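The sequence shown runs 4 to 277 under the numbering used here.
These notes are about the structure you will find just below.
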Amino acid sequence: MVANESIDGLDQQTLLSMLRWQVEAGATDVVQGVPWNRFESSDPPITEKLRAQSPAQTRSNESTPPVRLVDSGQLKTSFEDLKSVSTLEDLRQRLEGFDGGTLKRFATNTVFGDGALSAKLMLIGEAPGAEEDRQGIPFVGPSGKLLDRMLASIGLNRSEVYMTNTLYWRPPGNRTPTPEERNATLPFLLRQIELIGPKVLVLLGGPAAQSLLNETTGITRLRGRWIDFQTRNEPNGLSIPALPTFHPAFLLRQPAQKKQAWQDLRAIRARLDG
Ligand code: URA
Numbered sequence: 004m005v006a007n008e009s010i011d012g013l014d015q016q017t018l019l020s021m022l023r024w025q026v027e028a029g030a031t032d033v034v035q036g037v038p039w040n041r042f043e044s045s046d047p048p049i050t051e052k053l054r055a056q057s058p059a060q061t062r063s064n065e066s067t068p069p070v071r072l073v074d075s076g077q078l079k080t081s082f083e084d085l086k087s088v089s090t091l092e093d094l095r096q097r098l099e100g101f102d103g104g105t106l107k108r109f110a111t112n113t114v115f116g117d118g119a120l121s122a123k124l125m126l127i128g129e130a131p132g133a134e135e136d137r138q139g140i141p142f143v144g145p146s147g148k149l150l151d152r153m154l155a156s157i158g159l160n161r162s163e164v165y166m167t168n169t170l171y172w173r174p175p176g177n178r179t180p181t182p183e184e185r186n187a188t189l190p191f192l193l194r195q196i197e198l199i200g201p202k203v204l205v206l207l208g209g210p211a212a213q214s215l216l217n218e219t220t221g222i223t224r225l226r227g228r229w230i231d232f233q234t235r236n237e238p239n240g241l242s243i244p245a246l247p248t249f250h251p252a253f254l255l256r257q258p259a260q261k262k263q264a265w266q267d268l269r270a271i272r273a274r275l276d277g
């Protein structure tokens with residue numbers, strides 16, 4: 004902004020003090036150009052331009068009934084509900100109609116998944132970060148860039164794999180999602196795995212490994228060990244080899260661990276080729 008410029012009749016001093024107030028209140032990112040009072044409306048003021056950038060990520064879907072998952076006691080029933088969902092697009096729409104509580108209300112986009120529907124490799128991360136929240140696509144921020152390079156090192160690009168997360172909305176401030184938050188959307192993730200039916204599953208980081216394997220052990224001990232992941236869709240449940248490994252965000256902070264990640268990548272390549 005140039006000196007003395009005013010916006011909406013507010014002078015520079017007033018605008019600066021409003022911005023300072025937001026920073027002091029803990030705002031870390033600008034996520035949209037259009038203001039949105041999330042306490043008053045659950046419908047974001049997504050402009051046509053934003054819709055065009057992320058066509059499949061629109062929120063409201065009047066024709067599909069909302070699925071409500073609020074506590075773990077309802078999970079089984081809700082998983083049963085999703086059994087009849089036979090395409091990823093239908094599952095995405097069910098998720099759009101799902102009451103995701105505060106997390107969903109505070110997110111800019113639902114980040115459902117990205118990649119090939121016939122992918123042999125499916126990667127599951129923790130939760131969307133700031134860039135993923137803006138674009139509505141998983142792994143497009145800094146850790147996604149590293150993940151792309153990791154995949155390239157074993158001859159894969161992101162258009163031939165499928166990526167998603169344990170949670171479909173960015174937790175405010177990028178905090179680690181709680182087990183309760185991850186459990187609330189677990190039936191969606193399980194159905195997503197069944198619909199993709201990959202040959203190999205890769206669980207990126209502790210939260211993904213712990214959610215899917217129902218574990219409390221840390222990723223340092225879980226990584227590098229193959230586990231047979233059973234999908235729940237009885238009687239035709241799939242058994243998919245799953246490998247927990249380090250999350251790329253962790254590797255960005257701890258590059259010395261890339262050596263072990265490289266061993267895991269080679270093991271993934273060998274399973275895909277086997
Ligand atoms: N980290 C994740 O776990 N998932 C993303 O989509 C981005 C960053």
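Ideal Cβ positions, reconstructed from N, Cα and C, are used throughout, including at glycine.
Please read all numbers here as calculations on a predicted model, not as lab measurements.
The Cβ atoms of P145 and L13 lie no closer than 8 angstroms to each other. Assignment of L216 by DSSP, reduced to helix, strand and coil, places it in the helix class. When DSSP states are grouped into helix, strand and coil, G128 belongs to the strand group. A direct Cα-Cα distance of roughly 55 angstroms separates Q266 from Q16.
Per DSSP, the continuous beta strand (DSSP E) segment holding S242 begins and ends at 242 to 248.
Under the three-state reduction of DSSP, F253 is assigned to helix. With contact defined as three or more Cβ pairs closer than 8 angstroms, the region 108 to 125 and the region 198 to 210 are in contact. P210 is positioned such that its CB atom lies closer than 8 angstroms to that of T169. In this structure, the straight-line span from the alpha carbon of D136 to that of F249 is close to 22 angstroms. Taking the CA atoms as reference points, G139 sits about 21 angstroms from N186.
Contact between R194 and L85 holds: CB atoms are separated by about 4 angstroms, below the 8 angstroms threshold. For Q266, there is no enclosing beta strand (DSSP E); the enclosing alpha helix (DSSP H) covers residues 261 to 276. In this structure the region 257 to 273 does not touch the region 110 to 119; the number of beta carbon pairs closer than 8 angstroms is below three.
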